[in-house]
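Colleague: Using this note's numbering, you'd call the opening residue of the sequence shown number 6 and step up by one each time.
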Amino acid sequence: MNTKDYYQTLGVSKSASKEQIKAAYRKLALKYHPDRNPDNKDAEERFKEAAQAYEVLSDDKKRQQYDQFGHANYNNMGSGSSSTHGTHNMNMDDIFSAFGDIFGDMFGGSTHSAHKHTRSGPIAKRGHDLYKEIIITLKESFIGVKKEVSYHHFAPCTTCNSKGTQKGTSIQTCAKCNGSGQQQFRQGFFMYAQACSPCSGQGYTIPSPCKDCEGQSRKQIFDKFSVTIPQGIFDTAELRIASKGDAGVYGGSSGDLFLKILVLEDKKFKRVGDDLVCSVMLNYPQLVLGSQVEIENIDNTKHIIKIPKGCAIGERIILAGKGFQKLRSKTHGNLVIITKCHIPKKLSAEGKQALQNYSQYIGTDIENESSTITGFFKKFLG
Numbered sequence: 006m007n008t009k010d011y012y013q014t015l016g017v018s019k020s021a022s023k024e025q026i027k028a029a030y031r032k033l034a035l036k037y038h039p040d041r042n043p044d045n046k047d048a049e050e051r052f053k054e055a056a057q058a059y060e061v062l063s064d065d066k067k068r069q070q071y072d073q074f075g076h077a078n079y080n081n082m083g084s085g086s087s088s089t090h091g092t093h094n095m096n097m098d099d100i101f102s103a104f105g106d107i108f109g110d111m112f113g114g115s116t117h118s119a120h121k122h123t124r125s126g127p128i129a130k131r132g133h134d135l136y137k138e139i140i141i142t143l144k145e146s147f148i149g150v151k152k153e154v155s156y157h158h159f160a161p162c163t164t165c166n167s168k169g170t171q172k173g174t175s176i177q178t179c180a181k182c183n184g185s186g187q188q189q190f191r192q193g194f195f196m197y198a199q200a201c202s203p204c205s206g207q208g209y210t211i212p213s214p215c216k217d218c219e220g221q222s223r224k225q226i227f228d229k230f231s232v233t234i235p236q237g238i239f240d241t242a243e244l245r246i247a248s249k250g251d252a253g254v255y256g257g258s259s260g261d262l263f264l265k266i267l268v269l270e271d272k273k274f275k276r277v278g279d280d281l282v283c284s285v286m287l288n289y290p291q292l293v294l295g296s297q298v299e300i301e302n303i304d305n306t307k308h309i310i311k312i313p314k315g316c317a318i319g320e321r322i323i324l325a326g327k328g329f330q331k332l333r334s335k336t337h338g339n340l341v342i343i344t345k346c347h348i349p350k351k352l353s354a355e356g357k358q359a360l361q362n363y364s365q366y367i368g369t370d371i372e373n374e375s376s377t378i379t380g381f382f383k384k385f386l387g
């Protein structure tokens with residue numbers, strides 16, 4: 006019989022926590038493990054003593070009795086556990102079976118899982134998230150649009166109500182592994198586990214699977230629905246559609262559908278932040294004398310803009326609040342109009358004469374091609 010106090014055996018105080026007791030046992034078990042001390046009877050005895058002490062002190066009820074009655078009286082109580090009658094009554098199978106999680110942690114195995122994790126049926130799991138791209142025009146991103154989304158995804162099986170079984174039948178715990186999903190075997194002092202063959206490691210079997218979903222609790226379908234894409238959506242922005250992804254298995258929640266918005270470029274308009282940028286083509290007199298010009302926004306609304314006298318090419322005229330609506334806000338960006346000058350390739354005789362007269366009026370010799378102003382007029386006059 007182990008006459009040494011269990012706390013002394015593990016080298017811990019009587020106030021030690023469960024974590025401290027476990028750590029102390031791990032240290033001793035690693036030190037005196039039979040595979041590290043072959044043919045060493047003393048090490049084997051120390052190994053068993055540590056296991057006996059850990060079995061009692063790791064159990065709240067046994068530890069309370071041990072503290073109450075003391076070491077000698079506790080071992081004479083005959084509580085029904087082989088470990089309470091001395092280490093000689095404990096064999097290696099008992100130790101590895103009882104504390105397989107400890108040895109699994111130390112040696113990289115999972116020796117105790119069959120004793121800890123049993124299942125009478127499948128575990129409900131959330132379905133996968135799905136991803137799809139939606140292409141829209143810049144105008145549609147400006148005004149907002151409804152788009153139809155069509156895709157394949159897993160939906161709950163309505164025939165079996167996501168149970169995976171035929172009506173009147175149920176999922177059974179695997180008789181071979183008792184629901185653990187593993188079969189254990191021993192080599193030397195080590196216990197090993199491998200996936201149970203009859204249930205493929207699931208821990209359960211489906212004797213009569215649903216014919217529609219073949220026991221999977223869900224089936225793939227083709228679906229479509231309409232989604233509203235809000236005004237002001239940016240290129241590459243993502244919309245999350247809750248619960249529109251794959252259905253979960255065996256009653257698990259559905260995943261989400263993420264729509265990535267791709268905005269096509271426009272020939273006339275460009276987005277810069279929340280501003281909408283375009284250009285207006287003006288002739289030379291409009292730039293010089295000033296003018297009022299009607300322009301059409303991307304949403305086909307009409308606006309009158311004022312061209313100031315002496316307006317330069319590349320001037321930015323801003324219409325406040327006529328750009329993109331800001332997301333999650335009622336405010337808008339601006340419509341920015343950049344001025345350009347239209348230079349005709351052909352002019353009538355009257356047009357040429359008018360430009361020549363203007364050139365003479367401002368004292369410009371259009372024949373002197375080194376002049377910047379002359380170069381400008383030469384574009385008109387050819």
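C-beta atoms are modelled at their ideal positions from N, C-alpha and C, and glycine is treated no differently.
Classify S185 as helix, strand or coil using the three-state DSSP reduction.
Modeller: Here residue 185 corresponds to residue number 180 of the sequence shown, with the count starting at 1. In this structure, S185 counts as coil in the three-state DSSP scheme.
Colleague: Where does P454 land, buried or exposed, given buried means 16+ other C-beta within 10 angstroms?
Modeller: This structure leaves residue 454 out entirely; the chain is present only between 6 and 387.
Colleague: Taking contact to mean at least 3 C-beta pairs separated by less than 8 Å, is the stretch 234-241 in contact with the stretch 255-263?
Modeller: Touching, no.
Colleague: What are the partner residues of Y209, as DSSP defines its beta bridges?
Modeller: As a working note, residue 209 is residue 204 in the sequence shown. Looking at the DSSP assignment, Y209 forms a beta bridge with T178.
Colleague: Within the same chain, show all residues whose beta-carbon is closer than 8 Å to that of C165, passing over the 5 residues directly before and after it, in chain order.
Modeller: Along the sequence shown, read from residue 1 onward, the residue named residue 165 stands at position 160. Cβ within range, chain order: Q171, K172, C215, D217, C218 and S222.
Colleague: Quick one: what's got a C-beta closer than 7 Å to C162's C-beta in the same chain, skipping five residues either side?
Modeller: Within the sequence shown, numbered from 1, the residue matching residue 162 stands at position 157. Within the same chain, C162 has close Cβ partners C215, D217, C218, S222, R223 and K224.
Colleague: According to DSSP, H308 sits in a beta bridge with which residue or residues?
Modeller: The residue labelled residue 308 in the question sits at position 303 within the sequence shown. Paired residues: I300.
Colleague: Give me the Cα-Cα distance between I312 and G338, rounded to the nearest whole angstrom.
Modeller: Mapped onto the sequence shown, residue 312 falls at position 307. Mapped onto the sequence shown, residue 338 falls at position 333. Spanning the two alpha carbons is a distance of roughly 21 Å.
Colleague: Whose C-beta lies closer than 8 Å to the C-beta of N305 among residues of the same chain, with five residues either side of it excluded?
Modeller: Within the sequence shown, residue 305 is the residue found at index 300, counting from 1. None.
Colleague: Would you report the Cα separation of E24 and F159, rounded to the nearest angstrom?
Modeller: Residue numbering aside, residue 24 sits at position 19 when the sequence shown is read from its first letter. Residue numbering aside, residue 159 sits at position 154 when the sequence shown is read from its first letter. If you take the alpha carbons of E24 and F159, they lie about 44 Å apart.
Colleague: Should A28 go down as buried or exposed, given a rule of 16 or more other Cβ atoms within 10 Å for buried?
Modeller: By 1-based counting over the sequence shown, the position of residue 28 is 23. Exposed, because fewer than 16 other Cβ atoms sit within 10 Å of the Cβ of A28.
Colleague: Which class does Q72 belong to by DSSP, given the choice of helix, strand or coil?
Modeller: Stepping through the sequence shown from its first residue, residue 72 is reached at position 67. In the sequence as presented, Gln is not what sits at residue 72; that position holds Asp. The answer is helix: DSSP assigns D72 an H, G or I state.
Colleague: Reducing DSSP to helix, strand and coil, say where L33 ends up.
Modeller: As a first step, residue 33 is located in the sequence shown; it is residue number 28 there, counting from the start. DSSP places L33 in helix when its eight states are reduced to three.
Colleague: By a C-beta neighbour count over all protein chains shown, 10 Å radius and 16 as the cutoff for buried, is G427 buried or exposed?
Modeller: Because the chain here runs from 6 to 387, residue 427 falls outside it and cannot be looked at.
Colleague: Exposed or buried, what is G80 when buried is set at 16 or more other beta-carbons lying within 10 Å of its beta-carbon?
Modeller: For this step, residue 80 is matched to residue 75 along the sequence shown. Note on identity: in this sequence residue 80 is Asn, with Gly being the wrong assignment. Label assigned to N80: buried.
Colleague: Starting from the N-terminal side, write out each stretch of the beta strand (DSSP E) that is 3 residues or longer and does not extend beyond the stretch 218-267.
Modeller: Runs of the beta strand (DSSP E) inside the stretch 218-267: 223-234 and 243-246.
Colleague: How many whole angstroms separate the CB atoms of Y136 and Y71, which I take to be in contact at a CB cut-off of 8 Å?
Modeller: On the sequence shown, position 131 is the one that residue 136 refers to. On the sequence shown, position 66 is the one that residue 71 refers to. Wrong, their Cβ atoms sit about 58 Å apart, outside the cutoff.
Colleague: With DSSP as the reference, label V277 as helix, strand or coil.
Modeller: Indexing the sequence shown from 1 puts residue 277 at position 272. The answer is strand: DSSP assigns V277 an E or B state.
Colleague: Identify whether L143 lies in helix, strand or coil by the three-state DSSP scheme.
Modeller: In the sequence shown, the residue the question calls residue 143 occupies position 138. L143: helix per DSSP, three-state reduction.
Colleague: According to DSSP, simplified to helix, strand and coil, what is S364?
Modeller: Stepping through the sequence shown from its first residue, residue 364 is reached at position 359. Note: S364 maps to helix in three-state DSSP.
Colleague: Between the alpha carbons of S18 and I128, how many angstroms are there, rounded?
Modeller: By one-based count along the sequence shown, residue 18 stands at place 13. By one-based count along the sequence shown, residue 128 stands at place 123. Their backbone Cα atoms lie some 42 Å apart in a straight line.
Colleague: Span of the beta strand (DSSP E) holding E54?
Modeller: By 1-based counting over the sequence shown, the position of residue 54 is 49. No beta strand (DSSP E) holds E54; the alpha helix (DSSP H) holding it covers K46 to L62.
Colleague: Indicate whether H347 and K327 have their beta-carbon atoms separated by less than 8 Å.
Modeller: Translated into positions along the sequence shown, residue 347 becomes position 342. Translated into positions along the sequence shown, residue 327 becomes position 322. Not a contact, by the Cβ cut-off of 8 Å.
Colleague: Secondary structure at Q291, three-state DSSP: helix, strand or coil?
Modeller: One-based indexing of the sequence shown puts residue 291 at position 286. Here Q291 sits in helix by DSSP.
Colleague: Would you grab the beta carbon distance between G169 and G208 for me? Rounded to a whole angstrom, and I think it's under 8 Å.
Modeller: Indexing the sequence shown from 1 puts residue 169 at position 164. Indexing the sequence shown from 1 puts residue 208 at position 203. The Cβ separation is near 14 Å, so there is no contact.
Colleague: With 16 other CB atoms within 10 Å as the buried threshold, where does R245 fall?
Modeller: Position 240 of the sequence shown holds residue 245. Exposed: under 16 other Cβ atoms inside 10 Å.
Colleague: For a cutoff of 8 Å on Cβ pairs, would you count G257 as touching chain B?
Modeller: Looking at the structure shown, chain B is missing, and only one protein chain is on hand.
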